[in-house]
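> Please read through the structure below; I'll follow up with questions.
Residue numbers (my numbering): 22 to 484.
Quick look at the structure:
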């Protein structure tokens, strides 16, 4: 009898690590969801990736609701839309079918995402290490968090129309403006890291190929910027009109030339050896990109070839009144791609890059001993391990706040910054134009500050 019990206990001990770990995936540590298909990784990195997957899931739903033909297919389902009322019965409640479509669906979906991440922003304030009980909520309980996410989303579609879209539009404008600045911080950090890494390779290998690579990409980015300026003048201006657009393009071009000159001044080079034209060329190209986004919202059809004149036209679909939505134009698609890359950068590299780390770091974390980390890697082979027992590698709260801003930014991107008007029309306004132009100016000032700050504050370390 004792022998059988001993053998049974051994079998349980051999099976427990795998089965117990899998059983706790829904409620336990974050990365067990990915452990079977991913190499050993940091707990913090995979947690950020999973939260980002929640954001991308909401973006996917928004894209589906914007897709052409979804409205007509929705009205064909008898159990969705009530005949003659244009509303759907869900859980014995009534929802206007229009709220499941187009910009109204995007506004509600992005409201749900922003509310979900804002909840975690408040919940994770001042978490200093994984020993904090709230860290377990950050890095685990994914099934329950998914249920909360779905519950908030369903509730968002019950919000009465009224003035919700108009009010939420201005929340989106403010959040997207801040997210533009975060994008620029990430871009500046990426360019500095790129330049420093290639210069280091050139010195190590004593090869001019690295210098040639830097020169090639610098020239390429400036060439693309000049081409963008020419195209903006051709397509977004008229000889006897569009004076505002001409001023915006010319002013931003002048400011980009100024910061490029400042970047190579001898005093700047002495105080900031890693500064150079590569970073200036990246910032110039990004400024032209934001200028393009701004001009695509000018509410004048003569000055804006991308103006969606069909957005808001009334049509008859299966006996119901609705509106025809048009698929996004080039600025919206490119803006969505840039948004995805930026969000992935925040999720994957926020604990490794200096500029992002300075934003997201709550405190200076004591370095973990290399032998201890190696031991954790060995013990946790094939799964993620906790690398935040001595201190978090990023601010949980600020990370979620970035996702709140990302939710607002993607809402504005998918709707092309059009403000909801009366009778469900989407209207292009000067508000969107001025917000983007001001974001480009603020970005250039921010980059200029990174150049002159070592001269103005010599006692501080800007390395």
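Glycine residues also receive a C-beta, built at the ideal position from the N, C-alpha and C atoms.
Out of 227, 471, 123 and 195, point me to the one whose CA is closest to residue 212's CA.
In the chain shown, residue 212 corresponds to position 191, counting from 1. When each option's Cα is compared against that of residue 212, the closest is 471.
> Let me make sure I understand the geometry here. Which of 324, 307 and 194 has the alpha-carbon closest to that of residue 260?
Numbered from its first residue, the chain shown carries residue 260 at position 239. Minimum Cα distance to residue 260 is reached at 324.
> At what residues does the alpha helix (DSSP H) containing residue 267 begin and finish?
As a first step, residue 267 is located in the chain shown; it is residue number 246 there, counting from the start. 264-284 is the span of the alpha helix (DSSP H), which, as asked, contains residue 267.
> Around the C-beta of residue 458, are 16 or more other C-beta atoms found within 10 angstroms, so that it is buried, or is it exposed?
In the chain shown, residue 458 corresponds to position 437, counting from 1. Residue 458 is buried by the Cβ-count criterion.
> Could you pull out every residue in the same chain whose Cβ sits closer than 7 Å to the Cβ of residue 423, ignoring the five residues on either side in sequence?
Here the question's residue 423 lines up with position 402 in the chain shown. Excluding positions up to five away in sequence, the list reads 203 and 367.
> Within the same chain, show all residues whose beta-carbon is closer than 7 Å to that of residue 132, passing over the 5 residues directly before and after it, in chain order.
For the purposes of this step, residue 132 is taken as residue 111 along the chain shown, with counting starting at 1. These residues qualify, in order along the chain: 177 and 189.
> Inspect the beta-carbon positions of residue 257 and residue 246 and report whether they are closer than 7 Å.
What you label residue 257 is simply residue 236 of the chain shown in a count that begins at 1. What you label residue 246 is simply residue 225 of the chain shown in a count that begins at 1. No, Cβ-Cβ distance for residue 257 and residue 246 is not below 7 Å.
> Check whether the region 350-367 touches the region 425-439, counting contact only when three or more Cβ pairs, one atom from each stretch, lie closer than 8 Å.
Yes: the two stretches touch, three or more of their Cβ pairs being nearer than 8 Å.
> With residue 283 and residue 469 assumed to form a contact (beta carbons below 8 Å), what rounded beta-carbon distance in angstroms separates them?
Your numbering for residue 283 matches position 262 in the chain shown. Your numbering for residue 469 matches position 448 in the chain shown. Contact flag correct, Cβ pair sits at about 7 Å.
> Please classify residue 288 as buried or exposed, where buried requires at least 16 neighbouring CB atoms within 10 angstroms.
If you number the chain shown from 1, residue 288 lands on position 267. By the 10 Å Cβ count, residue 288 comes out exposed.
> With residue 437 as the anchor, note down where its alpha helix (DSSP H) starts and where it stops.
Taking the chain shown and counting its residues from 1, one reaches residue 437 at position 416. Here residue 437 belongs to no alpha helix (DSSP H), and DSSP marks it neither H nor E.
> The alpha helix (DSSP H) spanning residue 257 covers which residue range?
Here residue 257 refers to the residue found at position 236 of the chain shown. Its alpha helix (DSSP H) spans residues 230-257.
> By DSSP, does residue 448 sit in helix, in strand, or in coil?
Mapped onto the chain shown, residue 448 falls at position 427. In this structure, residue 448 counts as strand in the three-state DSSP scheme.
> Can you tell me the Cβ-Cβ gap for residue 318 and residue 461, rounded? I've got them flagged as a contact below 8 Å.
Here residue 318 refers to the residue found at position 297 when the chain shown is read from its first residue. Here residue 461 refers to the residue found at position 440 when the chain shown is read from its first residue. With 8 Å as the limit, residue 318 and residue 461 do not qualify as a contact, their Cβ atoms being about 13 Å apart.
> Would the beta-carbon of residue 170 fall within 7 Å of that of residue 238?
By one-based count along the chain shown, residue 170 stands at place 149. By one-based count along the chain shown, residue 238 stands at place 217. No, Cβ-Cβ distance for residue 170 and residue 238 is not below 7 Å.
> Taking residue 441 and residue 124 to be in contact with their CB atoms under 8 Å, please state how far apart those CB atoms are, rounded to whole angstroms.
Mapped onto the chain shown, residue 441 falls at position 420. Mapped onto the chain shown, residue 124 falls at position 103. Yes, residue 441 and residue 124 are in contact; Cβ-Cβ is about 7 Å, under 8 Å.
> What is the DSSP secondary structure of residue 176, reduced to helix, strand or coil?
For this step, residue 176 is matched to residue 155 along the chain shown. Helix.
> Going straight from the alpha carbon of residue 449 to that of residue 439, what length do you get?
Working through the chain shown from its first residue, we reach residue 449 at position 428. Working through the chain shown from its first residue, we reach residue 439 at position 418. About 5 Å.
> DSSP three-state label for residue 221, please.
Along the chain shown, one-based indexing puts residue 221 at 200. Helix.
> Rounded to whole angstroms, what is the Cα-Cα separation between residue 464 and residue 205?
Stepping through the chain shown from its first residue, residue 464 is reached at position 443. Stepping through the chain shown from its first residue, residue 205 is reached at position 184. Approximately 6 Å, taken between the alpha carbons.
> Going by the CB atoms, is the gap between residue 364 and residue 73 shorter than 7 Å?
The sequence position of residue 73 within the chain shown is 52, counting from 1. The sequence position of residue 364 within the chain shown is 343, counting from 1. Going by C-beta atoms, residue 73 is nearer than 7 Å to residue 364.
> Could you tell me the alpha carbon to alpha carbon distance between residue 291 and residue 477, rounded to whole angstroms?
The count along the chain shown starts at 1 and reaches residue 291 at position 270. The count along the chain shown starts at 1 and reaches residue 477 at position 456. Roughly 13 Å between the two C-alpha positions.
> Please list the terminal residues of the continuous alpha helix (DSSP H) segment that includes residue 124.
Here residue 124 refers to the residue found at position 103 when the chain shown is read from its first residue. Residues 123-144.
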